[in-house]
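Let me begin by presenting the structure, written as C-alpha cells, before commenting on it.
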Ligand SMILES: Cc1ncc(COP(=O)(O)O)c(C=O)c1O
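Numbering (the working numbering), first residue to last: 245 to 669.
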C-alpha cells in the first residue's frame, strides 16, 4: 500500500491554508467611502498622502511617495538619483525581472553580481570587483523578506560615492538591526501589487529620508501636475501653468480608491508581519533538524524576516536520490503548496540574452553608448544559476498567517516523503 499522497496515500494535510488577501468589512467601508465622496483621483484627495505618511514612518522614513507599481517605484527612484544612459548599476541575478529592467528603462546598464549561496542575497564580497568608473548605484534586494547584509554594502557605496536603492518588494515590515528596510540606503522601493505582504490591486511606494530625492521623485512621477506634498510645494507655485512640466515624466499617480484600501490593509500589516515572522522562524528551526533540506542562514543583523517567500534549500541527502522536482510534486500532493521558484536568473531571459531584438535598437545594451557594450550571454553568476537549476523550493507568504501547527504539517510532510522516498524511485 502506498503511503505517499502522490501515489494514492492519505495526504498529511487536507484542511485549507489561510486565504490572501485578508479582507473584512473595514476594507469594504474604506473603499465605499471614497467612491461615495466622488474624490477618486489623487489630485484633490487625501488618502494617498495619508498612506504615504503612515507607511513611510512605519519603515523608519520621513517621506513616502505612492506610485503605480513596484516597477515604477524602482524606475522613478533611479531617475530621481539622476541615473543616465551609460551609467552602471549593480544588481543581483536572483530577483524579479523588474529590479534589473528598471535600470534598462532609464538607459543604464545592470551589472549582475552573484548572491551569497547561504542567504540568496547580493554577496557584498563580490561587489567591489564589479565597480567601474561608470558605476552609480547598487540595488540590494531583500529577497523573500530576508534583509541583506547592509553594513558592507553601505560602506562600499560610501567609499565609491554610489547611491543605494533597496528593493523592498518582499519586505514590508522587515527590519535590519532594528531599522525598517527601505530606510538604510538612499531610498526604498516597495511593490504593493495583490500578492505582496501589503497589497492593493496594483501600486508601489518609494520611501526615503532625503527631501531632494523625494522632490525629484514627485516630479518624475507625474510631471509635477499637482500631487506634490499637499500644502507645501504646490501652494508655492504661481497661479497658472507657465512653470509646470519642468522634467520629462510620465503619470504614475495612484488613485484614492487604491489608497483607501492600502490604509485599511495597512492597519492589519503589523499583526500579519508578526505572524509571518513567528511561523517562518519556527518552520526554519524545524527544517534545520531534517537532513536533506535546510533553511537559509539568518545572520545576527536580521532583526525581522517577514517571509514574503520562505526558501528551502533542497540538498536531497537521505531522500534516496529523489529529484527536487519530484520532491516538490510529492510535497504538493501532501497538501503543502510550494513551487520551485525562478528557474532562470534574470540575465538568462530573452530581454538580456537577445537584447538586439528584445530592446529597441538594442539600446542601452548594444551600440556602445558612452563607449561600453555588454553581452549578457557572457555573464555568469554560478551560485544563482545553480540554485535556480537544482536547489530552491518556495513557500508563499500567506502560508505563514495561520497557527503554528500549520508549520508542523509542513515539517511532517517533508519527513514523511523522506521516510518513504523509496516509493518514488
Ligand atoms: C523583487 C521585486 N522587485 C520589483 C517588483 C515589481 O513590482 P510590481 O509587480 O508591483 O511592478 C516585484 C514584483 O513582483 C518584485 O518581486
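For each residue, glycine too, the CB sits at the ideal point set by N, CA and C.
For residue 641 and residue 258, the rounded distance between their alpha carbons: One C-alpha to the other measures close to 19 Å.
Beta-carbon proximity list for residue 299, same chain, < 7 Å, skipping 5 on both sides: Once the five neighbours on either side are set aside, the close Cβ partners of residue 299 are 308, 449, 510.
Residue 593 Cβ short of 7 Å to ligand 1 heavy atom set: For ligand 1, not one heavy atom lies less than 7 Å from the Cβ of residue 593.
Heavy atom of ligand 1 within 7 Å of residue 642 beta-carbon: Checking every heavy atom of ligand 1 against the Cβ of residue 642, none is found closer than 7 Å.
Cβ-Cβ separation, residue 388 to residue 342 (assumed contact under 8 Å), whole Å: Contact doesn't hold; Cβ gap of about 16 Å is too wide.
Distance cut-off 7 Å: residue 418 Cβ against heavy atoms of ligand 1: No, since every heavy atom of ligand 1 falls outside the 7 Å radius drawn around the Cβ of residue 418.
Cα-Cα separation between residue 494 and residue 287, rounded to whole angstroms: C-alpha separation (whole angstroms): 15 Å.
Of the residues 390, 401, 352, 559, the one placed nearest residue 373, counting alpha carbons only: Distance check between residue 373 and each of 390, 401, 352, 559 places 401 closest, using alpha-carbon atoms only.
Cut-off 6 Å between Cβ atoms - residues of its own chain near residue 477, not counting five sequence neighbours on either side: With a pLDDT of only 43 at residue 477, under 50, the local geometry of the prediction cannot be trusted, and no value is derived from it.
Residue 571: first and last residue of the uninterrupted beta strand (DSSP E) it sits in: Bounds of any beta strand (DSSP E) do not take in residue 571; it lies within the alpha helix (DSSP H) bounded by 568-577.
Limits of the alpha helix (DSSP H) - the one that residue 634 falls within: It spans 626-634 - the alpha helix (DSSP H) in which residue 634 sits, taken as one unbroken run.
Residue 440 to residue 413 span [Cα, whole Å]: Annotation: residue 440 to residue 413 spans about 7 Å, alpha carbon to alpha carbon.
C-alpha distance - residue 472 paired with residue 500, whole-angstrom precision: With a pLDDT of only 48 at residue 472, under 50, the local geometry of the prediction cannot be trusted, and no value is derived from it.
Residue 430: first and last residue of the uninterrupted alpha helix (DSSP H) it sits in: Careful: residue 430 lies outside any alpha helix (DSSP H) and carries neither H nor E.
From 660, 658, 646, 664, residue whose alpha carbon lies closest to that of residue 263: Of 660, 658, 646, 664, the residue nearest in Cα terms is 646.
Given 8 Å, three or more beta-carbon pairs between the region 530-539 and the region 281-297: No, the region 530-539 does not touch the region 281-297.
Any non-hydrogen atom of ligand 1 within 7 Å of residue 444 CB: With a threshold of 7 Å, the Cβ atom of residue 444 does not count as near ligand 1, since no heavy atom of the ligand is closer than that.
Check whether residue 255 and residue 517 have beta carbons under 8 Å apart: No, the pair does not count as a contact, with Cβ atoms beyond the cut-off.
Per-residue DSSP class, three states only, for residue 638: Strand.
Sub-8 Å separation of residue 333 and residue 317 beta-carbons: Result no, Cβ atoms of residue 333 and residue 317 do not sit closer than 8 Å.
CA-to-CA distance, residue 303 to residue 378, given in whole angstroms: Roughly 31 Å separates the two Cα atoms.
Identity of the residues DSSP links to residue 449 by a beta bridge: Looking at the DSSP output, residue 449 bridges to 310, 434.
Inter-residue CB distance, residue 199 and residue 295 (contact presumed, cutoff 8 Å): There is no way to answer for residue 199, as the model of the chain reaches only from 245 to 669.
Same chain, Cβ closer than 8 Å to residue 305, five either side skipped, listed in chain order: Result list for residue 305: 424, 426, 427, 432, 451, 452, 453, in chain order.
Cβ neighbours of residue 394 in the same chain (closer than 6 Å, five flanking residues each side left out): Excluding sequence neighbours, residue 394 sits near 420, 428.
Selection from 668, 654, 666, 643 that minimises the alpha carbon distance to residue 266: Nearest C-alpha to residue 266: 643.
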